[in-house]
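*Asks:* First the structure, which I've put down as structure tokens, then a few questions once you've had a look.
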Amino acid sequence: MSQPLIKLQDLSVRIGYGERAIRPVDGVSFEINRGETFALLGESGCGKSMTALSILRLLPQPAGRITGGHVYLDGEDLTALPEIEMRRVRGRRVAMIFQEPMTSLNPVLSIGDQIGETLRQHHQLKGRAARARVLELLDAVGIPDVQRRYGEYPHQLSGGMKQRVMIAIALAGEPDLLIADEPTTALDVTIQAQVLELLQKIQQETHMAIMLITHDLGIVAGMVDRVAVMYAGQLVEEASRNRFFADARHPYSQRLFESLPDVGKREHALRTIPGFVPALDHEFKGCRFAERCDQAWDYCHTHTPSWNIETDHQHVRCHLADVNVIAPPRTTITETAKRHAAAGHHNGETLLDVSGLEVHFPIHKGVFKRVVGHVYAVDGISLSIPRGRTQALVGESGCGKTTAGMGILQLLRPTAGSVRFDGTELTGLKGERLRRRRSDFQFIFQDPYSSMNPRMRVGDIVEEGMIAQRIGKNRQARRQRVEELFAHVGLSPEHVQRYPHEFSGGQRQRICIARALAVDPRLVVCDEPTSALDVSVQAQILNLLKQLQNELGLSYLFITHNLSVVAYLADRVAVMYLGRIVEEGPVAEVLERPLHPYTRALISAIPQVEPDSQREIIRLEGDMPSPANPPSGCHFHPRCPSAIPECRERYPEETARGEHRVCCFLYR
Amino acid sequence: MIMPVILWTDALVFLLVAVVLSFVLYARSKPHLRTPWRHVLGSRLASASIVILLVYVVIGLLDSLHYRAALEDNGAGEEVHYGVEVLSVLDYLLEPLHTRTEKTYSSPFATHLYTRETIQHPDGSQTREYPRLIWGGRHLADPETDFARDIRVRVATAGLQALLLTGLLLVLLGVWLARRSRHSLGHAIRSILAGRTRIPLRVILLTLGVLALLFCLALNLSTAYHVFGTDKVGQDVFYQTLKSIRTGLVIGTLTTLVMLPFAILMGILAGYARGWIDDLIQYIYTTLNSIPGVLLIAAAILMLQVYVSNHPEKFETALERADIRLLFLCIILGITSWTGLCRLLRGESLKLRESEYIKAAVSLGVSHASVIGKHILPNVMHIVLITVVLDFSGLVLAEAVLSYVGVGVDPTMNSWGNMINSARLEMAREPVVWWSLLSAFLFMFTLVLAANLFSDAVRDAFDPRLRQR
Chain A
3 MSQPLIKLQD
13 LSVRIGYGER
23 AIRPVDGVSF
33 EINRGETFAL
43 LGESGCGKSM
53 TALSILRLLP
63 QPAGRITGGH
73 VYLDGEDLTA
83 LPEIEMRRVR
93 GRRVAMIFQE
103 PMTSLNPVLS
113 IGDQIGETLR
123 QHHQLKGRAA
133 RARVLELLDA
143 VGIPDVQRRY
153 GEYPHQLSGG
163 MKQRVMIAIA
173 LAGEPDLLIA
183 DEPTTALDVT
193 IQAQVLELLQ
203 KIQQETHMAI
213 MLITHDLGIV
223 AGMVDRVAVM
233 YAGQLVEEAS
243 RNRFFADARH
253 PYSQRLFESL
263 PDVGKREHAL
273 RTIPGFVPAL
283 DHEFKGCRFA
293 ERCDQAWDYC
303 HTHTPSWNIE
313 TDHQHVRCHL
323 ADVNVIAPPR
333 TTITETAKRH
343 AAAGHHNGET
353 LLDVSGLEVH
363 FPIHKGVFKR
373 VVGHVYAVDG
383 ISLSIPRGRT
393 QALVGESGCG
403 KTTAGMGILQ
413 LLRPTAGSVR
423 FDGTELTGLK
433 GERLRRRRSD
443 FQFIFQDPYS
453 SMNPRMRVGD
463 IVEEGMIAQR
473 IGKNRQARRQ
483 RVEELFAHVG
493 LSPEHVQRYP
503 HEFSGGQRQR
513 ICIARALAVD
523 PRLVVCDEPT
533 SALDVSVQAQ
543 ILNLLKQLQN
553 ELGLSYLFIT
563 HNLSVVAYLA
573 DRVAVMYLGR
583 IVEEGPVAEV
593 LERPLHPYTR
603 ALISAIPQVE
613 PDSQREIIRL
623 EGDMPSPANP
633 PSGCHFHPRC
643 PSAIPECRER
653 YPEETARGEH
663 RVCCFLYR
Chain B
15 MIMPVILWTD
25 ALVFLLVAVV
35 LSFVLYARSK
45 PHLRTPWRHV
55 LGSRLASASI
65 VILLVYVVIG
75 LLDSLHYRAA
85 LEDNGAGEEV
95 HYGVEVLSVL
105 DYLLEPLHTR
115 TEKTYSSPFA
125 THLYTRETIQ
135 HPDGSQTREY
145 PRLIWGGRHL
155 ADPETDFARD
165 IRVRVATAGL
175 QALLLTGLLL
185 VLLGVWLARR
195 SRHSLGHAIR
205 SILAGRTRIP
215 LRVILLTLGV
225 LALLFCLALN
235 LSTAYHVFGT
245 DKVGQDVFYQ
255 TLKSIRTGLV
265 IGTLTTLVML
275 PFAILMGILA
285 GYARGWIDDL
295 IQYIYTTLNS
305 IPGVLLIAAA
315 ILMLQVYVSN
325 HPEKFETALE
335 RADIRLLFLC
345 IILGITSWTG
355 LCRLLRGESL
365 KLRESEYIKA
375 AVSLGVSHAS
385 VIGKHILPNV
395 MHIVLITVVL
405 DFSGLVLAEA
415 VLSYVGVGVD
425 PTMNSWGNMI
435 NSARLEMARE
445 PVVWWSLLSA
455 FLFMFTLVLA
465 ANLFSDAVRD
475 AFDPRLRQR
């Protein structure tokens, strides 16, 4: 067998010094062959990115350093190379693309210059030859109108375009290995599909190897050859894709699969992994996953598992896979997942009724701030949510779904339309009267890190709303309620005295939920509450939300881009495109028999966990247009594969098919 | 009998002390404030500068306790009359320096005047010579032969005293540390000397040791000599420099006290309310910023001068007149310098009002006042603190410049600016009188350097972008 392209041997990395040094990579070994796609899978904080950075020796300086092991590129030990030789490797033989395309490009250089820089560095190309090559590369990554784009600056490009430029820069050095660190996490699903397809196409043409770092099982299923699962600085499982998806052996891998939400799990609570990834600043004793593993027994806590080889080149770091270790008979092997208690709150009475809601932002220009146009962020949406039900609002970033949520809750003033909450018109309410009313509807934000004041104790944060709404007679009564709420959302009541930074992402989101619940709301608008969280933690939060709905009869407006979460949680779903709802209906109807071409494209673009599913990705051309200048007629027609001339002229009316509403000329 | 006199600036200075003390108590209970301060105290340079700053502050505070002494009783039952001169506790402590005035200039450690005088001898002959000083080196029988030995003895004594004092301080620090860490005294002292303590006590001790040496030297030498010479009217320059400390500190701190309410209120309001309020506040500070500061200050000070000379009945003593001018200078400096901080706070509040936790508070129905007080103010406090500390040294220097130009503090008031101003003529003299300038420079330099080092450490500790993870 030929030599692997890159081989990591027992690589260890430390950041910081002394006792509390962090060990993000602790004895990692794997190989990647030429032309192979290799995925490094894991939750955040497991050391995936650090592994990639240490291959290129780009660890954060001065604290980070490689403390052991070797990285062989074509047999050459990269850890032993002097810095000046490393520069020859970076970009030329191993290139890297990063997660955040928005900040990876230099805003003051044109994209042509930025790609040309790599060419000059590695191929000594200059002048006309360089320009020609840049245009070729831009063309290769699928950027239209390359002549014009050459001189453009990063801010003139959309997120997907920027990521393409990043890929072009990486390809400029004609590398043997491309490291892609969560290349599509910051992008929308339709754009993600474009970028992943592009990577696959390029790989077929150039026969380079790709090391893909991701937390998304769907992406892994779609495009890789081999998978390694990383947990707490170590590989816990390595297998070929088919083997991994057919028979994941490590309990952690199994739990990752089980915590993914989908339609089939609707009636049950999701299996979760309790707790969170341990801090990596100490020596481990025993198995690192033992604390969170439901199959662990005493032996796991005291003995470090070895790297067991299974059939078919599958490696598992678990005592259960070790033939020399005799596991005790498992008493509760697979306890049937908890069924959600069916709630009796579903009486169908409408709680929130939104009709024709518009939120337009004026664009000011000139000395006198004249209004020269509007951003049509939300342009006439109508929804109604019954008590105790969940309405999902789905769409890509920039389609106005968050603005719609804020407009409904009067956090942004709607420019037109009506919002009736339990019979009261909210759009006219002002000042103190609106403030009193606010206890009825609450908002849960996307980012649990920025939605709490870092200077306040979490107990005070939860109590704040109660003070404002005059809930609870005195401080003592409020305190007691805060502690009850903490227990209710699954936190220890002793935590009230702590500050937000002492909590993990999932715990913070629980506190945010407690804060919203403190004022006894009837409607909660959840704005992507799980998108900043890891899969296993997402499952915990989704379970909590569902449980609270059943207990308290809450209604949810669930804003998200994640259709599998919708499938799991929502009763009805509305799909939004450029400020308008294009399709609305019961979840099962919309997801299984989508009518609108946009919905169909959106659903097809979601990476599926079943690797063999032969699905056709409907490719959408280009990006979503700007809401300041929406296309004439149907907003979707420039990207629509089945557009007819009429689409260009006027916006289609809503057509109802039973419960299912759609705005498209195809269904008149 | 004494009659306490509370000048305007005294009252404000003690108000400020109260504010600082209550802030310290508040900060102790808030970890987001306590941790950075620990960081500041942990830095060696910063803790040395804190010690130096504290010495200045103590001198300034002693000089802020004013009183008027009763005149000699000239009969029983009569009403007690008080002297016109307002003295401070510092004056009392420095009594010998204060009262021992010479005839005119004398250089540091001189025993004779700096200028020749015609002296009439008893036999009627006249000679021009340097006469002996009245106080400086008075105890020496023959300055020519005794001077060097006397200085040596005094320096040696001072050295010994300083050593004793430092030893005493070491023991005191040791006892304090031993109590806190529950170790034996010996262990505590050893860990101080080895530099193993979390707060760099060894550096603090060293700084204190140097200060103790300087103090003992001053104690031994200044009672017998004018260590920094005398000025034109024979006043001890060392005394003047010490008295100037209060002026510098008052300008540096009271100005901030005046400026803060403006800057915080307007800045946060502009950033939070946006719309026309923002436009108005921006308009005000842009306008204010485009008027040259010196012009405003000069106008205000001249107006005040006219007012004071028209209403002499309102100001009983010369010091009160000088004091009202100092206060006014602080106010006007404050009015011209709040714009920078205001602008920073506006920007930060603009950013914060969009943050999700403020949106969350609004969606909970929390009132605007409460949002500002609970969410915005604590999150901009670090900016306020950094600005205040950074501005301090600038203001001390500004006083010197303004007094030099003639629109600073009252000419009768002791201040470094006034000393430098008078040194302008002295430097042009032949032979040059250099000691006024030098001593003002030395004291001001030490204060500003310590303040700058301290503010650097504060900024490093509080600025989230500079904070080490």
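The listed protein sequences correspond, in order, to chains A and B.
Read in order, the letters of the first sequence are residues 3 to 670 in the numbering used here.
Read in order, the letters of the second sequence are residues 15 to 483 in the numbering used here.
In this text, a Cβ means the ideal position worked out from N, Cα and C, and glycines have one as well.
Just so we're clear, the structure is a prediction, and the values are computed from it rather than from any experiment.
(1) Have a look at P588(A), S533(A), A518(A) and flag the residue whose alpha-carbon is nearest the alpha-carbon of L1(A).
(2) Answer with yes or no whether the minimum CB distance from V380(B) to chain A is below 8 angstroms.
(3) Taking just the CA atoms, how far does S121(B) sit from Q249(B)?
(4) For the pair the stretch 438-450 of chain A and the stretch 524-535 of chain A, tell me if three or more CB-CB distances fall below 8 angstroms.
(5) Report yes or no: do three or more beta-carbon pairs, one from the stretch 337-356 of chain B and one from the stretch 297-317 of chain B, lie closer than 8 angstroms?
(6) Using a Cβ-Cβ cut-off of 8 angstroms, state whether E21(A) counts as contacting chain B.
(7) Contact between the stretch 548-564 of chain A and the stretch 360-377 of chain A is defined here as three or more beta-carbon pairs at a separation below 8 angstroms; is this criterion met?
(8) What does the alpha-carbon distance come out to for the pair P6(A) and L565(A)?
(9) Would you list, in sequence order, the uninterrupted alpha helix (DSSP H) runs of no fewer than 4 residues that lie entirely inside the stretch 46-99 of chain A?
(10) Using DSSP's beta-bridge definition, name the partner residues of G375(A).
(11) Would you list the residues sitting across from M468(A) in a DSSP beta bridge?
(12) Would M52(A) pass as an interface residue toward chain B - the criterion being a Cβ-Cβ separation below 8 angstroms?
(13) Since L43(A) contacts V229(A) with CB under 8 angstroms, what's their CB separation in whole angstroms?
(14) Consult DSSP for T352(A) and reduce its assignment to one of helix, strand or coil.
(15) Taking Cβ positions, are A394(A) and V568(A) nearer each other than 8 angstroms?
(16) Relative to the alpha-carbon of R510(A), which residue among E486(A), N35(A), V464(A) has its alpha-carbon at the smallest distance?
(17) How is the beta strand (DSSP E) around E501(A) delimited, first residue to last?
(18) Can you check whether the CB of S453(B) is closer than 8 angstroms to the CB of F242(B)?
(19) Output, in chain order, the set of chain A residues within a Cβ distance shorter than 9 angstroms of K373(B).
(20) Could you give the C-beta distance for L127(B) and T118(B), rounded to a whole number, given that I count them as a contact under 8 angstroms?
(21) Could you work out which residues of chain A lie near N393(B), taking near to mean beta carbons separated by less than 8 angstroms?
(22) Does the structure place the stretch 75-95 of chain A close enough to the stretch 28-42 of chain A that three or more beta carbon pairs sit under 8 angstroms?
(23) Could you name the residues of the stretch 461-492 of chain A whose beta carbon sits closer than 7 angstroms to any beta carbon of chain B, in the order they occur along the chain?
(24) Counting only Cβ-Cβ distances shorter than 9 angstroms, please list the residues of the stretch 457-474 of chain B near chain A, keeping chain order.
(25) Just to confirm, are E656(A) and C665(A) a CB contact at a threshold of 8 angstroms?
(26) Flag this pair as yes or no: are the beta carbons of Y182(A) and T120(A) separated by less than 8 angstroms?
(27) Going by the beta-carbon positions, is the gap between I34(A) and P26(A) smaller than 8 angstroms?
(28) Closer than 8 angstroms, Cβ to Cβ, to anything on chain B: give me those residues from the stretch 65-79 of chain A, in chain order.
(29) Could you run through the stretch 346-378 of chain B and flag, in chain order, every residue whose CB is less than 9 angstroms away from some CB of chain A?
(30) In the DSSP assignment, what residue or residues form a beta bridge with A576(A)?
(31) Is it true that the stretch 56-67 of chain A meets the stretch 133-141 of chain A, where meeting means three or more beta-carbon pairs spaced less than 8 angstroms apart?
(32) Sort M427(B), C356(B), A83(B) by Cα distance to I265(B) and report the nearest one.
(33) Give me, in chain order, the residues of the same chain whose beta-carbon lies closer than 6 angstroms to that of D292(B); leave out the 5 immediate sequence neighbours on both sides.
(34) Run through the stretch 517-550 of chain A for me and flag every whole beta strand (DSSP E) of 3 or more residues, listed as ranges in chain order.
(35) At a CB-CB cut-off below 8 angstroms, which residues of chain A make contact with H396(B)?
(36) Beta strand (DSSP E) containing G433(A): first to last residue?
*Replies:* A quick look at the data gives this:
(1) Because chain A is modelled from 3 through 670, residue 1(A) falls outside the range shown and cannot be assessed.
(2) So yes, V380(B) belongs to the interface.
(3) 12 angstroms
(4) yes
(5) yes
(6) no
(7) no
(8) 39 angstroms
(9) For the stretch 46-99 of chain A, whole alpha helix (DSSP H) runs of length 4 or above, ordered along the chain, are 50-57, 85-91.
(10) DSSP lists I365(A) as partners of G375(A).
(11) DSSP lists no partner for M468(A).
(12) no
(13) The pair is a contact, with the Cβ atoms about 6 angstroms apart (cut-off 8 angstroms).
(14) strand
(15) Judged by their CB atoms, A394(A) and V568(A) are nearer to each other than the 8 angstroms cut-off.
(16) V464(A)
(17) This sequence places Tyr at residue 501(A); Glu is not what is there. First-last for Y501(A): undefined, no H or E at that position.
(18) yes
(19) M408, L413, F445, F447, S453
(20) The distance from the Cβ of L127(B) to that of T118(B) is about 7 angstroms, consistent with a contact at the 8 angstroms cut-off.
(21) N455, P456, R457
(22) no
(23) E466, G467, A470, Q471
(24) none
(25) yes
(26) Rather than Tyr, the amino acid found at residue 182(A) in this sequence is Ala. No, Cβ-Cβ distance for A182(A) and T120(A) is not below 8 angstroms.
(27) No; because the gap between Cβ atoms is not below 8 angstroms, this pair is not in contact.
(28) none
(29) S369, E370, Y371, I372, K373, A374, A375, V376, S377, L378
(30) L395(A), E586(A)
(31) no
(32) Just measuring C-alpha positions, the residue of M427(B), C356(B), A83(B) sitting nearest I265(B) is M427(B).
(33) A284
(34) You should have 525-529.
(35) Listed along the chain, the chain A residues whose CB falls inside 8 angstroms of the CB of H396(B) amount to none; the nearest CB is some 10 angstroms away.
(36) Not the beta strand (DSSP E): G433(A) falls in the alpha helix (DSSP H), residues 433-439.
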